[in-house]
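The block underneath contains the structure these notes are about, expressed in structure tokens.
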Amino acid sequence: MQQFTVHKIGPEIKIAGIDLSFTNASLFMVISASLICLFLFLSTKQKKIIPDKLQLISEMLYSFVAKMISDTAGSKAKPYFPFIFSLFVFVLICNMVGMLPYAFTVTSHIIVTLIMAIFIFIAVTVIGFIKHGFKYLSIFVPSGVPAVLLPLITIIEIISYLSRPVSLSVRLFANMMAGHTMLKVFGGFVISLGLLGGWLPLSFSVALTGLEILVAFLQAYVFAILTCIYLNDALNLHH
Amino acid sequence: MMRNLSLILVQMLYLSDLFAAEAGMPQLDPKYWASQAFWLILVFSILYISISKFYLPKIKKNLEDRENKIKEDLDEANNLKNISEKKLKDYENIMTNATREVTKILLESKNILNKEIQVKKSAMEKEIESEISKAQREIINLKKESINSINSISEKIAADIIEKITGDKLNESSIKATAEEISKKNLVKYL
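Same order as they appear, the protein sequences are chains A and B. According to numbering that gives the first Met the number 0, the first sequence is numbered sequentially starting from 0. According to numbering that gives the first Met the number 0, the second sequence is numbered sequentially starting from 0.
The structure is reproduced here in structure tokens:
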């Protein structure tokens, strides 16, 4: 669990009695964001009609996220495209940077994912109320449900709605943490079993690294697509 | 035995102590929560602003530019295609007109030539005919004249012969009638 510990880097920063020191978590957030900015800067530096590889990657990323949003949330979600794009890229790069040895995984901390999820939850709720007023509450009352079941269903819908930030944040955090812990455990086995028996956990470790890279991408994708789905609920009342 | 057991016990204690130190998940330690939240919001806001203000418009513009360029190129190609088709049609029209005109001119000149030939031919024929009839008339005249001269010559010869043989002159008119009779009999074949 040592890989998840947060420690201070540089001087202690305290604002109004709250410790806001720069930590290794902050460092890796900055690294991830810088990597994204560097990549986007390099890939948009030259505007070519026939793109080079870097430009092609950024354009594919753009159309990938654009397609994801238009498929799940429709055309009304267009103003939120930059946010979803940033969110997806940030989570993706944080996950990927975390896969590097000795790197800190920003998204393996519940507080980070929870803040993102709560922000999304609040934003989606506010957007829903702005777009539909009090009619937005009808999201808790699905149509076509027998009157007897309606109170029960409504309660379940409310609970599921309120648990959205929890499920969203815990999904990402738990996946990242579990993956890294597992890698650590197998790495530990390699050391403790030594030259003779260490090959088996080593091969597992290699396989798991591949799996973890997949999970890192998948969780970023899931995070972004769930955000789109919540946004869709707020923008288009289906019930 | 006891030594081994105590060793294991010590090891277990050591290990449990090791785990105890790391037991609680660092994620649940609230010491740096505020810091992480603060830095997350700061970093993400900066990232969001730079992405939405600088990078996405650039990518979007580039994609749109490309789409426009492709569309323009396609439009231009279509235009050129239409123009070339039109040109081809024009060319074909010109060609058909030209061939039509050529055949017309050919026919006209043929007709004119035919007429001229006809006219000249008929004139020539007339001339030839008149020449022929003239010649025939001359021949007939010549024949008639020759018959007359033959008659007079034969009369004279007959009178001379009779005079030489008999010694006296015969009646001129009777000789003439005889000669005419004979010549009529024989000359019919030649006329």
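For each residue, glycine too, the CB sits at the ideal point set by N, CA and C.
By the criterion of at least three beta-carbon pairs nearer than 8 Å, the stretch 120-137 of chain A is not in contact with the stretch 187-206 of chain A. Under the Cβ distance rule, LYS46 of chain A counts among the residues neighbouring chain B, one pair being separated by less than 7 Å.
In summary, TYR90 of chain B is exposed, with fewer than 16 beta-carbon neighbours lying within 10 Å of its beta-carbon over all protein chains present. Between the stretch 89-103 of chain B and the stretch 72-80 of chain A there are fewer than three C-beta pairs closer than 8 Å, too few to call the two in contact.
Within the model, the alpha-carbon separation for VAL105 of chain A versus ALA215 of chain A is close to 12 Å. For SER151 of chain B and SER182 of chain B, the gap between their C-alpha atoms comes out near 11 Å.
Per the DSSP secondary-structure output, ASP18 of chain A pairs in a beta bridge with A:LYS13.
With three or more CB-CB distances shorter than 8 Å, the stretch 35-52 of chain B counts as touching the stretch 28-42 of chain A. Annotation for SER31 of chain A: the continuous alpha helix (DSSP H) segment containing it runs 23-44.
Taken through DSSP and simplified to helix, strand or coil, LYS7 of chain A comes out as strand.
Closest in alpha carbon position to MET181 of chain A, among A:ARG170, A:VAL165 and A:LEU201, is A:LEU201.
Cα atoms of ASN185 of chain B and ASP159 of chain B: separation of roughly 21 Å, rounded to the nearest angstrom. By alpha-carbon distance to VAL169 of chain A, the top candidate from A:MET67, A:ALA219 and A:LEU55 is A:ALA219. With fewer than 16 neighbouring CB atoms inside 10 Å of its own CB, ASN96 of chain B falls in the exposed class. For GLY209 of chain A, the uninterrupted alpha helix (DSSP H) segment begins and ends at 198-234. With contact defined as three or more Cβ pairs closer than 8 Å, the stretch 60-71 of chain A and the stretch 226-237 of chain A are in contact. Under the Cβ criterion (8 Å, minimum of three pairs), the stretch 62-71 of chain B does not count as touching the stretch 146-163 of chain A.
In the same chain as MET95 of chain A, and ignoring 5 residues on each side of it, the C-beta atoms closer than 6 Å to its own belong to ALA215, in chain order.
Here ALA223 of chain A is near ILE83 of chain A, since their CB atoms are less than 7 Å apart. With a threshold of 16 other beta carbon atoms within 10 Å, ASP64 of chain B falls short and is exposed. With respect to LEU39 of chain B, VAL111 of chain A sits close: the two C-beta atoms are nearer than 7 Å.
Distance check between ASN23 of chain A and each of A:CYS93, A:LEU171, A:LEU86 and A:PHE63 places A:CYS93 closest, using alpha-carbon atoms only. Any Cβ of chain B closer than 7 Å to the Cβ of ALA32 of chain A would place that residue at the interface, and such an atom is present. Non-local beta-carbon contacts of ILE8 of chain A in its own chain, meaning distances under 7 Å to residues more than five positions away in sequence, involve PHE21, THR22, ASN23 and LEU26 in chain order. Within the stretch 80-92 of chain A, the residues whose Cβ lies closer than 9 Å to any Cβ of chain B are, in chain order, PHE80, PRO81, PHE82, PHE84, SER85, LEU86, VAL88 and PHE89.
Taking all protein chains in view, the Cβ of GLN117 of chain B is surrounded by fewer than 16 other Cβ atoms within 10 Å, so the residue is classified as exposed. Straight-line measurement puts the Cα of ILE30 of chain A at about 19 Å from the Cα of LEU53 of chain A. The three-state reading of DSSP puts ILE129 of chain A in helix, counting H, G and I together.
With its beta carbon less than 7 Å from one in chain B, PHE3 of chain A belongs to the interface.
Rounded to whole angstroms, the gap between the alpha carbons of GLY16 of chain A and ALA36 of chain B is 15 Å. Inside the stretch 92-145 of chain A, DSSP marks no whole beta strand (DSSP E) run of 3 or more residues. Look at MET67 of chain A: its C-beta is not under 7 Å from any C-beta on chain B. In the structure shown, ASP72 of chain B adopts helical secondary structure according to DSSP, grouped into three states. By the CB criterion at 7 Å, SER107 of chain A and PHE3 of chain A fall inside the cutoff.
In the structure shown, the three-state DSSP call for LEU169 of chain B is coil. The contact set of VAL29 of chain A on chain B, defined by CB atoms closer than 7 Å, consists of VAL42 in chain order.
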